[in-house]
């Protein structure tokens, strides 16, 4: 760890792992941010103490309230501030007096509203800086930090996992995390960074680079204020873990929109693309794709080379997965005669020769897929595997169910056993079934469409190249 | 209607709208195709008569069974055949004697297995042709025809709508329809065409081109046997309704896979691309994208030009939707000062100037989006609108709910009122809420991600250009 790393880790620890929070602007009115900032941490099982601050009410959401942060009898690590912008400078001064270590500024009405708001924001930055408080925001939606189970950003509690997501857009960020959460992906942390008046995207990636709970970082960026420093830090981080980026404002009209949204100069997309390439940042061009790739990177080993085996009971799935791999620079190489002969005994007589892709021809036996994938994982010519799960839908036959579970267990062990990534695609629209549940629990990423699976595998291969 | 149209409509009517079906190979064993071919039509509410044919059992699934198709006392329009390949020629002869008009050959073991199977297939073609029977298959998964509610292909009954889907892959076709069905899209018909020994992709599009219930045709193609005739018919059909295509086998390894899957020569992708362009076929490159576009084309009017207005309560949604439009050649033009002044009174004071995209800045009032979209629809500089729905999540306040419903009603009327397409994007991961339900019921397509909405709008614009 460099001295810069150590400094940022120390400074941001009260943001990510506060032992106590004060909610300044806490409210009993259920449709207000000041209410959610208290009820959401309670609901997510926040591990520290919560001190609501409200000048009138004695209690907020059942917790004793204080009329001022200075009245709180215990130390406060993190202040979460949701009061009108004009009142923020005085409150920040009080936080300094109290010895608060970090703050999340939810309040809007700063630089995003024009020169007057910018002056107010500069004042807040000065007070905080002189008082030794680092802060996130203003004009953001807050945080999810799984290590202390602190949620201020979502109306639900996110699933825990290795993905940390830093978003320059609050609503879009929250939306993306919600859709990814619905797919079963788990998050170490989420930050809605707002105006980045003090702490910037660069600071967050530096912190997350050294954060043990974070295995992959996803960024939604509309514009970078410190491109050069970002590039330098990103390079350092990427030695330890992957960074995946989606960039808003890549067209002329889109840039106009980023200007009025986050006052970001989107900049030339060619320059951004070159920067990603130089730093080894994995860039995605559809806003939802980053999470499919992050899920695989958070759970699977990296392939040595780009040679993928594709296994499915559906011929069409074989065709489309193979095409999707090819379009992303992944090879689905034709297998040699010896391997084909070794695989053939496991297949039904009418199945086509298993040259890769391997079409199981609607084989209903759960162990077929496990046997085939295991042999492929042992083959030195194959670096990675995309497979269907053993069929398990609507069967109530105990022997069959037992076989499905055995096959799913064998498949789940393959990445650890052979050090090769395994990714699964669904054969039914609902992705239900016991095999799916078991494999997902044990870290095998599942995708609805062949293109998603291929993209996830591409992410693994890309990071293997960079790393 | 040309004479060719009339001929094909007459010949394929017994396939799409049979008054009676015989299931040859009907079975009481619940894990067999011969069982599903009887139970599925019963389950989907097939409007005609079902005659199971089984040499041993007196009844199948509660219906009287016949030992031979010739024993059925009433006329049979359509024979669904699921017996071993070797027995098909004799059975086809019996169907000819019985006066059966069309057949669906589920049985596999024909041309896809090699020269011997090909010879058997040729024999069946000859018998059917001489006997005046047109047939689908062999080696397919059957049909969904909503006009008579005949389902043989799915374990569920598809939703009814204007999309007709013809698939060269059975498993992939069924999978895609299932996922689209789960999104709420409705289907007029589905055909798993199998080996296309008699009826081909070209015949089906010619029939569907004149079919009143079909408003848009989606094709999954691995290879075309009669490219020239297909191109000619596609051109004729596209004058009446759009055709959207996904093509499997576009890479070298993918082509190898189509050869072993459907014995299709995938052909040069450049040639296929040029053909699509020439004919006005809308081509999609991700296998799931075709249905998102088809849904919009089945329900929305076409835009006059490419000028899109984007409305959302989230700034990030505005940015990403605008970028996604731009990437597909859709313009999100900056609005003139007069329009901006007309829109401003409807927005919150802190919202950015409504220059397009229009960021409602988290406005919680349901009528804001309705008022803004209505004004935009009246504007001659705007051809189409992508909007969020009025916010309706988790509100139990009756006044608010009434307002949400009113706003949703106003929005739903806009396409009919102003002849401009309206497409909605979700702001929450589950797309729930009363506004969503109401608008979807009234024909407003909803998409989970900005890129999907932009793609659907692109489909409308593309067909408007071709049409």
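Protein chains in written order, with my numbering: chain A, 1 to 467; chain B, 1 to 467.
Glycine residues also receive a C-beta, built at the ideal position from the N, C-alpha and C atoms.
All figures in this text were calculated on a predicted structure; none of them were measured in a lab.
Sequence-distant Cβ neighbours of residue 238 of chain A in its own chain, meaning closer than 8 Å and more than five residues away, are 279, 280, 281, 466 and 467. For residue 52 of chain A, the enclosing beta strand (DSSP E) has its first and last residue at 49-53. Contact annotation: in the stretch 305-334 of chain A, residues whose CB is within less than 9 Å of a CB in chain B are 310, 312, 313, 314, 315, 316, 317, 318, 319, 320, 321, 322, 323, 324, 325, 326, 327, 331, 332, 333 and 334. Contact annotation, residue 152 of chain A with residue 88 of chain A: C-beta distance approximately 17 Å; criterion of less than 8 Å not satisfied. Cβ-Cβ distances below 8 Å link residue 125 of chain A to 197 and 198 in the same chain, with the five nearest sequence neighbours on each side left out; the list follows chain order. If you draw a straight line from the Cα of residue 362 of chain A to the Cα of residue 452 of chain A, it comes to about 22 Å.
For residue 318 of chain B against residue 310 of chain B, the beta-carbon gap comes to about 6 Å, under 8 Å, which counts as contact. Among the residues of the stretch 334-354 of chain A, those with a Cβ less than 9 Å away from any Cβ of chain B are 334, 350, 352 and 353, in the order of the chain. For residue 449 of chain A, the nearest CB of chain B lies under 9 Å from its own CB, placing it at the interface with that chain.
Taking 9 Å as the threshold, the shortest C-beta distance from residue 257 of chain A to chain B falls below it. Within the stretch 94-169 of chain B, the runs of alpha helix (DSSP H) at least 4 residues long that lie entirely inside it are, in chain order, 115-131. A residue is called buried once 16 or more other Cβ atoms fall within 10 Å of its Cβ, and residue 132 of chain B, having fewer, is exposed. Residue-level contact check: residue 121 of chain A does not touch chain B, since none of the beta carbons of chain B fall below 9 Å from its beta carbon. Per DSSP, the unbroken alpha helix (DSSP H) holding residue 298 of chain B starts and ends at 289-299. Against chain B, the beta carbon of residue 222 of chain A has neighbours under 9 Å at 315, 316 and 319, listed in chain order.
Residue 331 of chain A is not a Cβ neighbour of residue 248 of chain B, given a cutoff of 9 Å. For residue 168 of chain B, the nearest beta carbon of chain A is closer than 9 Å to its own beta carbon. Between the alpha carbons of residue 12 of chain A and residue 122 of chain A lies a distance of about 20 Å. Secondary structure in the stretch 346-432 of chain A: the alpha helix (DSSP H) runs of 4 residues or longer, each lying completely within the stretch, are 366-378 and 398-418 in chain order. When rounded, the separation of the alpha-carbon atoms in residue 288 of chain A and residue 111 of chain B is 42 Å. When Cβ pairs closer than 8 Å are counted between the two stretches, the stretch 21-28 of chain B is seen to touch the stretch 36-53 of chain B, the count reaching three or more. Between the beta-carbon of residue 314 of chain B and that of residue 254 of chain A there is about 14 Å, and that puts the pair past the 8 Å contact cut. Counted as a single uninterrupted DSSP element, the stretch harbouring residue 284 of chain B is not any alpha helix (DSSP H) but the beta strand (DSSP E) occupying residues 282-284. Minimum Cα-Cα distance from residue 147 of chain B among the listed residues B:232, B:80 and B:46 corresponds to B:46. Scanning A:29, A:368, A:364 and A:212 for the CA closest to the CA of residue 345 of chain A turns up A:368. Scanning chain A for C-beta atoms nearer than 7 Å to the C-beta of residue 400 of chain B yields nothing, as the closest lies near 10 Å away. Within its own chain, the residues whose Cβ lies closer than 6 Å to the Cβ of residue 208 of chain A, once the five positions on either side in sequence are excluded, are 164, 214 and 217, listed in chain order.
Identification of residues in the stretch 199-212 of chain A having a C-beta nearer than 8 Å to some C-beta of chain B yields an empty set. About 11 Å separates the beta carbons of residue 54 of chain B and residue 61 of chain B, which is beyond the 8 Å limit, so they are not a contact pair.
The shortest C-alpha to C-alpha distance from residue 263 of chain B to any of B:224, B:435 and B:276 is the one to B:224. Judged by DSSP in its simplified three-state form, residue 28 of chain B adopts coil rather than helix or strand.
Under DSSP, residue 66 of chain B shares a beta bridge with B:53. Taking one beta carbon from each stretch, the stretch 335-345 of chain A and the stretch 284-302 of chain A have fewer than 3 pairs nearer than 8 Å; the two do not touch.
With the criterion set as a beta carbon lying under 7 Å from some beta carbon of chain B, the members of the stretch 264-288 of chain A are 286, 287 and 288, in sequence order. With three or more CB-CB distances shorter than 8 Å, the stretch 410-427 of chain A counts as touching the stretch 371-384 of chain A.
Counted as a single uninterrupted DSSP element, the stretch harbouring residue 313 of chain A is not any alpha helix (DSSP H), since DSSP gives it neither H nor E.
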